[in-house]
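Colleague: For the sequence shown, the positions run 3 to 82 when our numbering is used.
For each residue, glycine too, the CB sits at the ideal point set by N, CA and C.
Keep in mind the model is a prediction, meaning the values are calculated, not measured.
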Amino acid sequence: MEETLAEWLNGRGRDPFVEIAVPRAAMKLAQWAGRGVRTVTDRAVITVCDMRLVTMRYGRDILEGLPPFPLVRSKMAVRR
């Protein structure tokens with residue numbers, strides 16, 4: 003079914019990656035983040051090793067869909 007939808011989007015000049023894969027990835031990342039923080043006193047570290055999250059437009063869109071949190075790029079910053 004997903005392949006059919008991708009073909010349909012392609013046939014209309016639309017990008018299946020942006021319209022199918024990116025929203026799905028955003029939803030999964032938000033769910034993972036939610037599993038790490040259940041109460042107001044909970045703390046979690048979410049590690050994403052794919053640099054596209056900060057270098058590509060769709061990565062920034064995914065980050066904007068998450069609750070506000072500090073974005074750090076080093077292990078030392080996480081320890082604080």
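Rounded to a whole number of angstroms, what is the C-alpha to C-alpha distance between D17 and E4?
Modeller: Position 15 of the sequence shown, counting from 1, holds the residue named residue 17. Position 2 of the sequence shown, counting from 1, holds the residue named residue 4. Distance between the alpha carbons of D17 and E4: 13 Å.
Colleague: Given L65, which residues of its chain have a CB within under 8 Å of its CB, disregarding the five upstream and five downstream residues?
Modeller: Numbered from its first residue, the sequence shown carries residue 65 at position 63. Taken in chain order, the residues that qualify are L55, V56, L73.
Colleague: Taking the beta carbon of G80 as the centre, do at least 16 other beta carbons fall within 10 Å, making it buried, or is it exposed?
Modeller: As a working mapping, residue 80 is identified with position 78 in the sequence shown. For clarity, residue 80 is Val in the given sequence; the question names Gly instead. With fewer than 16 other Cβ atoms within 10 Å, it is exposed.
Colleague: Just how far apart, CA to CA, sit D63 and V50?
Modeller: For the purposes of this step, residue 63 is taken as the residue at position 61 of the sequence shown. For the purposes of this step, residue 50 is taken as the residue at position 48 of the sequence shown. One C-alpha to the other measures close to 15 Å.
Colleague: Grab me the residues of I22's own chain with a C-beta within less than 7 Å of its C-beta, minus the 5 sequence neighbours each way, in chain order.
Modeller: By one-based count along the sequence shown, residue 22 stands at place 20. Cβ within range, chain order: E4, L7, A8.
Colleague: Under the rule that 16 or more other beta-carbon atoms within 10 Å means buried, what is V47, buried or exposed?
Modeller: Stepping through the sequence shown from its first residue, residue 47 is reached at position 45. It counts as exposed.
Colleague: Along the alpha helix (DSSP H) that carries M29, what are the first and last residues, could you check?
Modeller: As a first step, residue 29 must be located in the sequence shown, where it is residue number 27. Looking at the DSSP string, the run of the alpha helix (DSSP H) that includes M29 is 24-38.
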